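Undergrad: Positions 1 to 383 (full-length UniProt numbering) are the ones given, in order, by the sequence shown.
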Amino acid sequence: MSYTKRYRKDKRTRKKAKLKKERIFALIILIITFFVLGAAVRYIISGRNLETEADWVTNLSQDVNDQYTNTLVAVVDDSHNILKYITILNQKEDSEELNTIFIPGETYLDTPGNDFEILMESYSKGHIDLLIDTVKDYLGVSIHNFIKIESGVYSGIKNELNFISDVNHDKFKTQVLEKDLKEGDIQKIFTDHLTSIENFYNNTNERKGFFNTPRVRKYIEKQIETNFTWDQMIEWIDTTVVNANENLVAFKLPGEQEVVNDQKHFLPDFDELEIIVEQYFSKKATKEVSKDNITIEVLNGSGVSGVAEDASDMLEEVGFDVVSIGNADNFDYQSSKVIARKEPRKAAKEVALEINQADLLVELKDDFEAMVTVIIGENFEDN
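Listed below in structure tokens is the structure:
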């Protein structure tokens with residue numbers, strides 16, 4: 001074979017090989033492109049799917065108050081159509097303080113025309129939209145955002161996606177509802193629960209890029225209902241849950257568990273609840289009240305000689321203005337009472353923080369001399 005023919009043949013072979021390589025390379029590029037586009041589309045679709053598109057959700061955004069934002073978190077067991085509990089998290093504008101209150105699903109609702117109804121029933125009858133309306137009416141607050149979450153979501157993520165999680169909603173509820181919790185216990189229980197959620201979020205972020213994979217998003221979309229988009233959810237977690245412990249003010253719904261119709265129910269103390277809601281969760285902006293501007297009458301309700309004077313001295317030492325001391329209508333008060341007589345009711349809350357184990361009540365009287373009445377009961381000697 002001549003050199004010229006061999007050269008032409010080699011050239012054709014090289015050309016075919018080059019074309020083959022170029023086609024393979026182009027095919028690889030095409031496959032990669034479709035893969036990337038597919039992942040992007042799945043990511044975008046997932047981002048859209050988190051936000052609930054029901055018509056009633058749009059009403060939440062119209063319920064905006066410039067001074068604060070309330071987010072309702074409902075923990076449910078949808079397999080049995082049960083509301084386990086809700087928490088409301090309040091963030092005021094220009095404040096790092098995060099206020100939160102725990103309300104169990106078995107909370108009694110003082111509803112006109114019903115013999116006995118509990119909060120759980122509003123969810124089982126009308127799901128999250130009726131629950132939100134019920135809470136708004138029950139507490140007299142606005143709800144701007146909501147997150148409905150399956151109680152087993154964290155254990156489900158742990159099992160299905162092999163993530164580490166020690167978040168336990170049922171354990172949290174049991175701890176909060178324990179009787180005879182000491183001062184500061186509620187705060188610690190909430191802080192520990194938020195810390196476990198924060199640790200879960202941070203650990204999964206480091207390992208997988210939390211919320212950043214279609215598989216994770218697809219699973220979570222089935223467990224959560226919310227008016228947040230994915231970006232808003234991530235921002236809310238970053239600003240609310242992560243590093244919120246230092247600024248957390250936590251409450252349990254005031255009241256006691258009672259057995260009614262052979263079932264355990266939670267009967268709220270509506271007077272104390274009214275003060276908590278107005279101060280920490282409602283539309284009404286209450287200005288800070290300095291202790292020296294809070295006037296108090298102190299009454300002896302236990303019959304122990306000198307107890308009203310001792311309580312008066314204690315309150316004056318921390319800065320309050322005691323304007324009168326006397327005896328109560330009787331000496332049979334087992335526990336001390338702190339009674340709001342004038343607005344702002346926050347003044348009574350400030351006083352109650354100094355009288356350990358006192359009941360917080362509201363009995364407003366416009367012509368009353370003092371802003372707050374303190375009745376010293378028999379349990380005062382244990383303070």
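All residues carry an ideal CB built from backbone N, CA and C; glycine is no exception.
Note that the structure is a prediction, hence the values are computed from the model and not measured.
May I ask you to list the residues that DSSP assigns as paired with residue 72?
TA: The sequence position of residue 72 within the sequence shown is 72, counting from 1. Note: residue 72 sits in a beta bridge opposite 88 and 146.
Undergrad: Cβ of residue 259 within 8 angstroms of Cβ of residue 350?
TA: For this step, residue 259 is matched to residue 259 along the sequence shown. For this step, residue 350 is matched to residue 350 along the sequence shown. Not in contact: residue 259 and residue 350 (Cβ atoms no closer than 8 angstroms).
Undergrad: Quick one: Cα of residue 42 to Cα of residue 180, how far?
TA: Taking the sequence shown and counting its residues from 1, the one referred to as residue 42 is at position 42. Taking the sequence shown and counting its residues from 1, the one referred to as residue 180 is at position 180. Note that residue 42 scores a pLDDT of 42, beneath 50, so its modelled location is shaky and nothing firm can be said.
Undergrad: Pick from 361, 316 and 347: whose alpha carbon is nearest that of residue 339?
TA: Against the sequence shown, residue 339 aligns to sequence position 339. Closest by alpha carbon: 361.
Undergrad: Please state whether the Cβ-Cβ distance between residue 377 and residue 302 is less than 8 angstroms.
TA: For this step, residue 377 is matched to residue 377 along the sequence shown. For this step, residue 302 is matched to residue 302 along the sequence shown. Going by C-beta atoms, residue 377 is nearer than 8 angstroms to residue 302.
Undergrad: Counting only the same chain and skipping the five closest in sequence on each side, list residues whose C-beta sits under 7 angstroms from that of residue 128.
TA: As a first step, residue 128 must be located in the sequence shown, where it is residue number 128. Only 74, 146, 148 and 225 meet the Cβ criterion.
Undergrad: By the DSSP assignment, the beta strand (DSSP E) with residue 373 in it spans what residues?
TA: The count along the sequence shown starts at 1 and reaches residue 373 at position 373. Segment 372 to 376, the beta strand (DSSP E) holding residue 373.
Undergrad: Can you name, in chain order, every residue of its own chain whose Cβ lies under 8 angstroms from the Cβ of residue 276, other than the five neighbours on each side?
TA: Here residue 276 is taken as the residue at index 276 of the sequence shown, counted from 1. Counting only Cβ-Cβ distances below 8 angstroms, and skipping sequence neighbours, we find 101, 251, 254 and 349.
Undergrad: Closest by CA to residue 168, which one among 268, 363, 308 and 198?
TA: Position 168 of the sequence shown, counting from 1, holds the residue named residue 168. For residue 168, the nearest C-alpha among the options comes from 198.
Undergrad: Could I get the ranges of all uninterrupted beta strand (DSSP E) runs contained in the UniProt domain "LytR/CpsA/Psr regulator C-terminal" (293 to 380), with 3 residues as the minimum, in chain order?
TA: Taking only runs of at least 3 residues, the beta strand (DSSP E) segments lying wholly in the UniProt domain "LytR/CpsA/Psr regulator C-terminal" (293 to 380) are 295 to 300, 321 to 327, 337 to 340, 359 to 362 and 372 to 376.
Undergrad: Can you name, in chain order, every residue of its own chain whose Cβ lies under 7 angstroms from the Cβ of residue 272, other than the five neighbours on each side?
TA: Here residue 272 refers to the residue found at position 272 of the sequence shown. Scanning its chain for C-beta atoms nearer than 7 angstroms, with the 5 sequence neighbours on each side dropped, one finds around residue 272 the residues 254 and 360, in chain order.
Undergrad: Are there 16 or more other CB atoms within 10 angstroms of the CB of residue 220, so buried, or fewer, so exposed?
TA: As a position in the sequence shown, residue 220 is number 220, starting the count at 1. Result: buried.
Undergrad: Inspect the beta-carbon positions of residue 72 and residue 86 and report whether they are closer than 8 angstroms.
TA: Sequence index remark: in the sequence shown, residue 72 carries index 72 (1-based). Sequence index remark: in the sequence shown, residue 86 carries index 86 (1-based). Closer than 8 angstroms, so yes.
Undergrad: Taking buried to mean at least 16 other C-beta atoms within 10 Å of its own C-beta, is residue 270 buried or exposed?
TA: One-based indexing of the sequence shown puts residue 270 at position 270. It is exposed - the Cβ of residue 270 has fewer than 16 other Cβ atoms within 10 Å.
Undergrad: Of all the alpha helix (DSSP H) runs that stay within the bounds of the region 161 to 204, which reach a length of 4 or more residues?
TA: 169 to 176
Undergrad: In the region 210 to 266, which residue ranges form an unbroken beta strand (DSSP E) of at least 3 residues, counting only runs that do not cross its ends?
TA: 224 to 226, 248 to 252 and 255 to 260
Undergrad: With a 10 Å radius around its C-beta and 16 neighbouring C-beta atoms as the bar for buried, classify residue 162 as buried or exposed.
TA: Here residue 162 refers to the residue found at position 162 of the sequence shown. Exposed.
Undergrad: Which residues in the same chain have their Cβ closer than 7 angstroms to the Cβ of residue 256, if we skip the five residues on either side of it in sequence?
TA: For the purposes of this step, residue 256 is taken as residue 256 along the sequence shown, with counting starting at 1. Result list for residue 256: 267, in chain order.
Undergrad: Give the single residue among 178, 93, 158 and 304 whose Cα lies nearest to the Cα of residue 203.
TA: As a position in the sequence shown, residue 203 is number 203, starting the count at 1. The closest CA to that of residue 203, considering only 178, 93, 158 and 304, is found on 158.
Undergrad: For residue 322, count neighbouring C-beta atoms within 10 Å of its own C-beta (all shown protein chains included) and say buried if the count is 16 or more, exposed if not.
TA: In the sequence shown, the residue the question calls residue 322 occupies position 322. With 16 or more Cβ atoms within 10 Å of its Cβ, residue 322 is classed as buried.
Undergrad: Would you identify the three-state DSSP class for residue 129, choosing helix, strand or coil?
TA: Your numbering for residue 129 matches position 129 in the sequence shown. It is helical.
Undergrad: Could you give the C-beta distance for residue 249 and residue 150, rounded to a whole number, given that I count them as a contact under 8 angstroms?
TA: On the sequence shown, position 249 is the one that residue 249 refers to. On the sequence shown, position 150 is the one that residue 150 refers to. No, residue 249 and residue 150 are not in contact; Cβ-Cβ is about 27 angstroms, not under 8 angstroms.
Undergrad: Answer with buried or exposed for residue 375, where buried requires no fewer than 16 other C-beta atoms within 10 angstroms of its C-beta.
TA: As a working note, residue 375 is residue 375 in the sequence shown. It is buried - the Cβ of residue 375 has at least 16 other Cβ atoms within 10 Å.
Undergrad: What number of angstroms, rounded off, separates the C-alpha of residue 326 from the C-alpha of residue 104?
TA: Locating residue 326 in the sequence shown gives position 326, counting from the first residue. Locating residue 104 in the sequence shown gives position 104, counting from the first residue. Roughly 40 angstroms between the two C-alpha positions.
Undergrad: Identify which residue in 341, 347 and 373 has its Cα closest to the Cα of residue 367.
TA: Mapped onto the sequence shown, residue 367 falls at position 367. Ranking the options by Cα distance to residue 367, first place goes to 341.
Undergrad: So for residue 117, helix, strand or coil by DSSP?
TA: Taking the first residue of the sequence shown as 1, we reach residue 117 at position 117. Note: residue 117 maps to strand in three-state DSSP.
Undergrad: Using CA atoms only, rank isn't needed, just tell me which of 182, 201, 176 and 200 is closest to residue 189.
TA: One-based indexing of the sequence shown puts residue 189 at position 189. Comparing Cα positions, the closest option is 176.
Undergrad: Looking at the secondary structure, which residues open and close the beta strand (DSSP E) in which residue 270 lies?
TA: Indexing the sequence shown from 1 puts residue 270 at position 270. For residue 270, no beta strand (DSSP E) run applies; the uninterrupted alpha helix (DSSP H) run containing it begins and ends at 270 to 280, by DSSP.
Undergrad: My understanding is that residue 184 touches residue 282, with C-beta atoms under 8 angstroms, so please give their C-beta distance in whole angstroms.
TA: Translated into positions along the sequence shown, residue 184 becomes position 184. Translated into positions along the sequence shown, residue 282 becomes position 282. The Cβ separation is near 25 angstroms, so there is no contact.
Undergrad: Along the beta strand (DSSP E) that carries residue 100, what are the first and last residues, could you check?
TA: Taking the sequence shown and counting its residues from 1, the one referred to as residue 100 is at position 100. It spans 98 to 104 - the beta strand (DSSP E) in which residue 100 sits, taken as one unbroken run.
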